[in-house]
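For reference, the structure discussed in these notes is given below.
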Amino acid sequence: MAGTVMNKSLVIGIDFGTTFSGVAWAIVDDQKNVQVISTWPGAGNKSSVKVPTLMAFLEGRFLWGWQASALSKEPIRGVKLLFDESQSHRYNPSLKAKKKLDAMKKSPVDVASQYLEQVLLHTQDILERRLGSATKDMSKKYVLTVPAVWSDKAKDNTLKTAISGGIPEHQLALLSEPEAAALYTLRAIQPNTIKKNDTFLVCDAGGGTVVWWYSSS
Numbered sequence: 005m006a007g008t009v010m011n012k013s014l015v016i017g018i019d020f021g022t023t024f025s026g027v028a029w030a031i032v033d034d035q036k037n038v039q040v041i042s043t044w045p046g047a048g049n050k051s052s053v054k055v056p057t058l059m060a061f062l063e064g065r066f067l068w069g070w071q072a073s074a075l076s077k078e079p080i081r082g083v084k085l086l087f088d089e090s091q092s093h094r095y096n097p098s099l100k101a102k103k104k105l106d107a108m109k110k111s112p113v114d115v116a117s118q119y120l121e122q123v124l125l126h127t128q129d130i131l132e133r134r135l136g137s138a139t140k141d142m143s144k145k146y147v148l149t150v151p152a153v154w155s156d157k158a159k160d161n162t163l164k165t166a167i168s169g170g171i172p173e174h175q176l177a178l179l180s181e182p183e184a185a186a187l188y189t190l191r192a193i194q195p196n197t198i199k200k201n202d203t204f205l206v207c208d209a210g211g212g213t214v215v216w217w218y219s220s221s
């Protein structure tokens, strides 16, 4: 398998969500065959296309995802909504997270980057199992989705989180969540009866933000 993929490129999509996160990947020459990661550390035999966006510090260890959910009584959650504190988000878990982070003298980017680092390490492990060790040397593009309402400061902190988490800046791009959903749906609908100038509506009802988005082009 390694010999067949070493000259190919990978696109890795990451949905860093308020309550849950997910990862999908595809080889550029085989974009119709999108793979979604559904096995996660700490989940046991449970299969899930999402992993909780939870973090915890326990006896000097950093816990994330299902591990944080199982082993910590009060994991840190809602960190994403702290990327721009000037925006009014009355999400109670985020308010509690801010108090915890302030007490630990850590920023939202600090803990979010630790979380994303673990997600990336797990993703690399999955890729090596599926495609072989040659995936380390494959050309990669990482696409992180962000809410359409994200401010410039929130986008900047998302980029800082990704880079601190281990994604090279030149391999990184941001895409709004409703645009990503619309592009996927337009490709996935079969038969696709949407024509030029038709109007369609996307409702992105996430764990911390809800966005309406429409297009007529």
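Read left to right, the sequence shown gives residues 5 to 221 (the working numbering).
No residue lacks a Cβ here, since even glycine has one placed at the ideal position from N, Cα and C.
In this structure, does DSSP put methionine 108 in helix, strand or coil?
Helix.
Could you check where the alpha helix (DSSP H) with serine 155 kicks off and where it finishes?
No alpha helix (DSSP H) contains serine 155, which DSSP labels as neither H nor E.
Would you mind reading off the limits of the beta strand (DSSP E) that contains serine 180?
Element bounds for serine 180: 176-180.
Under a three-way DSSP split, which group does isoleucine 193 fall into?
Three-state result, isoleucine 193: coil.
In whole angstroms, what separates the C-alpha of aspartate 160 from that of valine 113?
Cα to Cα, aspartate 160 sits roughly 10 Å from valine 113.
With a threshold of 16 other CB atoms inside 10 Å of the CB of methionine 59, please say whether the residue is buried or exposed.
Per the 10 Å Cβ criterion, buried.
For methionine 5 and aspartate 156, I'd like the C-alpha separation in whole angstroms.
Any reading at methionine 5 must be qualified, since the residue scores a pLDDT of 49, below 50, and its modelled position is unreliable; no value is offered.
If phenylalanine 20 and threonine 57 are in contact, beta carbons under 8 Å, what's the gap, nearest whole angstrom?
Contact holds; Cβ gap of about 7 Å.
Within 8 Å, do at least three Cβ pairs link the segment 34-46 to the segment 70-88?
As far as the Cβ criterion goes, the segment 70-88 touches the segment 34-46, which means the pair count is three or higher.
Report yes if the CB atom of glutamate 181 is closer than 9 Å to the CB atom of aspartate 208, and no otherwise.
Yes, Cβ-Cβ distance for glutamate 181 and aspartate 208 is below 9 Å.
Using only alpha-carbon positions, find the residue among Ser25, Ile18, Val27, Ile31 that is nearest to asparagine 11.
Measuring from the Cα of asparagine 11, the nearest candidate turns out to be Ile31.
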